[in-house]
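Counting from 1 along the sequence shown, just add 25 to a position and that's the residue number in our numbering.
All C-beta atoms, glycine included, are put in the ideal place defined by N, C-alpha and C.
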Amino acid sequence: MHAKHLILGNTQMKKTTPESPILEAPAQPEWSYKKSQALYRTDRWGGGYFSVAPSGNLQVHPNATTEHSIDLKQLVDDLRARDLEPPLLIRFTDILRHRLGQLATAFANAIKENDYRGVYRGVYPIKVNQQRQVVEEVLDIGGDHGFGIEAGSKPELLAIMAMVENPDTPIICNGFKDDQFIEAVILAKKLGRNVIPVVEKFSELKLIAKYAKLHSVEPSIGIRVKLATRGAGRWESSGGVRSKFGLFISEVLDAIEFLREEGMLGCLNLLHFHLGSQINDIRQVKRALTELVRVYTELYKAGAGLTYIDIGGGLGVDYDGSKTTADSSINYSLQEYANDVVHHIREVCDDQEVPHPTIISESGRSMVAHHSVLIFDVLGWSGFDRFELPEAFTDADLEEFPAPVRTLAESWVYLSDANCIEYYHDAMLARDQTFNLFSLGYCSLEHRGLAERLFYAICSKTWRFVRQREIIPEEFHDLEPMLSDTYFCNCSIFQSLPDAWAIDQLFPIMPIHRLNEEPTCKGILADITCDSDGKIDHFIGSEGSEQVLPLHPFTGGDYFLGAFLVGAYQETLGDLHNLFGDTNAVHIRVDEHGRPHVEEVVEGDTIAEVLGYVQFEPEQLRRTFRKTLERAVGDGRLTIEESRLLRRFYENGLAGYTYLT
């Protein structure tokens with residue numbers, strides 16, 4: 026027992042709850058939707074596509090203007106009325122159209138400003154989002170801008186060959202290629218497709234020459250070159266001389282000689298490089314472009330029939346809205362990117378008196394990230410701040426407590442702003458002592474449980490004092506995340522947000538309603554998988570990444586959260602952890618009056634379907650389970666009625682959504 030502590034015989038020790046703060050805080054202005062917009066930074070990362078309405082609901086602006094808006098919460102309610110339950114992936118076709126238009130416009134502006142005498146052709150790499158509906162939309166919308174498409178594998182090529190009908194649409198083939206792949210490319214050229222295989226290793230060049238002669242085709246050939254310049258950001262190793270793909274400069278020179286000997290040097294039409302995805306620093310783009318165009322002009326003057334320069338991907342998305350070189354941000358705008366690309370290509374080509382080439386970029390992330398939103402509902406919550414404590418401790422109670430538990434009880438009563446740091450240290454020591462006593466058999470389970478509740482009550486009380494200080498001591502920086510609530514969400518991080526799990530990608534996440542109420546809780550998100558990694562505990566904050574997300578108290582009704590900018594990579598990278606399958610997906614288009622219409626519904630996987638993915642035959646499972654039920658009825662372990670109920674549950678389960686409804 027601390028000498029400085031007093032034991033109060035019948036001191037009433039009140040419960041601490043979030044609704045009964047320790048301090049009387051100064052009166053605060055009433056919360057408003059504008060404060061929520063500032064708190065969740067929708068005007069920073071939203072690109073004009075998202076804002077908070079006075080009603081407290083999140084709005085979607087398909088054209089990045091206030092001309093038309095969609096109430097996202099109302100849209101979710103309308104979809105649920107159609108029996109489309111969360112989690113829901115909502116794709117806004119008009120945002121996709123607007124993004125492609127902005128990309129084309131940015132390069133058109135740069136071309137005009139720089140008096141550039143070539144054109145720009147955007148190319149969509151379908152690996153970014155291979156869903157048929159998305160690819161079809163990109164082909165349809167991109168066709169108005171002369172955009173093309175990229176395949177990086179044999180399955181992707183097979184899909185593209187059937188979907189692309191316009192002979193002018195550029196089809197870029199990246200990735201490693203075998204004989205069959207290259208022969209198919211050559212035959213597609215003969216079919217009238219504008220297909221360009223990009224040589225990733227020298228042996229592919231020999232195969233192209235072989236099959237071109239076999240089928241009497243004059244192919245268009247591209248070569249990917251390894252530059253000395255490295256990328257910037259999380260994927261910086263994708264560029265530079267140690268990059269996975271491409272030819273070294275010495276190999277490029279060998280390729281020129283090989284093509285010259287084969288009489289095919291004029292077929293070398295495209296020079297390609299890839300600096301890496303999500304380039305966060307524009308300076309690296311400028312350096313790489315200068316090096317690339319120098320190579321281009323040298324090869325052109327050596328007799329290559331170059332007309333295309335493909336700058337690959339890398340155009341990033343400002344996920345956190347900070348406009349910095351953070352991994353989840355970019356320090357440049359779309360227009361600045363286009364200006365720099367066009368300017369540096371023109372400058373070097375003019376210096377070397379080489380015609381301006383057609384510029385190709387593979388900016389898939391920038392094209393599709395914004396148009397998809399994942400909506401999921403909260404199922405429950407838990408947190409240390411809701412641990413209840415007894416109404417009172419008597420002298421007799423305190424005497425029965427082991428010494429460290431008594432210290433915790435006294436610290437909780439007497440903790441104040443003046444002594445909170447000292448008492449917090451005392452509480453940490455007392456907690457450890459309690460655990461040791463329990464392990465040695467000198468502390469009951471009930472006393473250990475009480476010590477746990479007291480310790481977290483002390484931590485919560487301490488944090489309420491400390492967080493009001495101008496400078497928070499470093500040792501308390503982890504106190505808020507430790508005390509944060511856990512919100513259990515009806516989704517699978519592994520299926521729908523795999524980058525949040527695998528590489529700590531930050532996605533904007535926020536409630537889509539109740540935004541005219543102050544979010545008084547701080548939480549992390551946990552999914553419904555049984556994996557401890559199925560959680561999100563890093564969020565966008567005012568100064569980079571935060572470990573907690575401001576949320577509203579969960580009252581048991583509807584509470585919907587949205588994860589935004591998820592249109593790139595998340596769907597096809599997702600896995601079947603715990604056999605949670607694809608979510609329901611809905612395509613929304615706005616009519617001329619600004620009203621949203623459901624254009625297409627892609628129902629999520631059923632349990633039977635995901636079982637089939639892992640070689641469980643649903644029909645065989647049904648038969649086996651039916652036999653099990655009949656044996657149980659025959660043995661008297663189940664009644665016929667109980668058997669019927671269990672069979673219906675099984676049948677309905679197989680046909681149902683893999684998520685909770």
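For D600, the secondary structure class from DSSP, reduced to helix, strand or coil, is coil.
Straight-line spacing of the CA atoms in W437 and N541 works out to 35 Å.
R672 and V658 have their alpha carbons spaced roughly 12 Å apart.
In this structure, the beta-carbon distance from P643 to L679 falls below 7 Å.
The continuous alpha helix (DSSP H) containing M392 extends over residues G389 to V393. With respect to G592, A394 sits close: the two C-beta atoms are nearer than 7 Å. DSSP places P429 in the uninterrupted alpha helix (DSSP H) bounded by A428 to Y439. Under the three-state reduction of DSSP, T649 is assigned to helix. In the DSSP assignment, M535 falls within the unbroken beta strand (DSSP E) covering I534 to P536. Excluding sequence positions up to five before and after G619, its CB lies within less than 6 Å of the CB of H93, all in the same chain and listed in chain order. Following the DSSP letters along the chain, one finds C292 in no beta strand (DSSP E), marked with neither H nor E.
Spanning the alpha carbons of I233 and P192 requires a straight line of approximately 20 Å. Fewer than three beta-carbon pairs drawn from the stretch 322-330 and the stretch 347-362 are found closer than 8 Å, and the two stretches are therefore not classed as touching. Between S517 and N609, the beta carbon gap of about 13 Å keeps them out of contact (Cβ cut-off 8 Å).
With a cutoff of 7 Å on beta-carbon distance, H502 and D529 are scored as not near each other.
If the five residues before and after W406 are omitted, its C-beta is found closer than 6 Å to the C-beta atoms of D510, Y512 and F579, all from its own chain and listed in chain order. Following the DSSP letters along the chain, one finds V242 in no alpha helix (DSSP H), marked with neither H nor E.
Contact between P244 and K214 holds: CB atoms are separated by about 6 Å, below the 8 Å threshold. DSSP assignment within the stretch 134-208 yields the following whole beta strand (DSSP E) runs of 3 residues or more, N-terminal first: 145-150, 173-176 and 195-198.
The alpha-carbon of F605 is positioned some 27 Å away from that of H577. The Cβ-Cβ distance between G143 and H381 falls below 7 Å. With fewer than 16 other beta carbons inside 10 angstroms of its own, N677 counts as exposed. Per DSSP, G587 lies in no alpha helix (DSSP H) segment; the continuous beta strand (DSSP E) that holds it begins and ends at F585 to F589. Taking the C-beta atoms as reference points, Q156 is found no nearer than 7 Å to E628. Contiguous beta strand (DSSP E) elements confined to the stretch 279-351 occur at 293-297 and 333-335, taking only those with 3 or more residues.
Between T383 and A313, the C-beta spacing is not below 7 Å. Note: Q84 is bridge-paired with S76 and D96 in the DSSP secondary-structure output. Close CB contacts of I136 within its chain, under the 8 Å cut and outside five residues either way in sequence, are with G143, V144, Y145 and V367 (chain order). Partner residues in the beta bridge of K560, as assigned by DSSP, are A551. A direct Cα-to-Cα measurement between E477 and V491 gives close to 21 Å.
The DSSP-derived three-state label of G569 is strand. Just measuring C-alpha positions, the residue of E225, T130, P506 and E208 sitting nearest V242 is E208. In the structure shown, G405 adopts extended strand secondary structure according to DSSP, grouped into three states.
In this structure, S76 lies near T67, with their beta-carbon atoms less than 7 Å apart. Between C555 and the set G291, I197, L470 and C514, the nearest pair of CA atoms involves C514.
In this chain, the beta strand (DSSP E) harbouring V220 covers N219 to V224.
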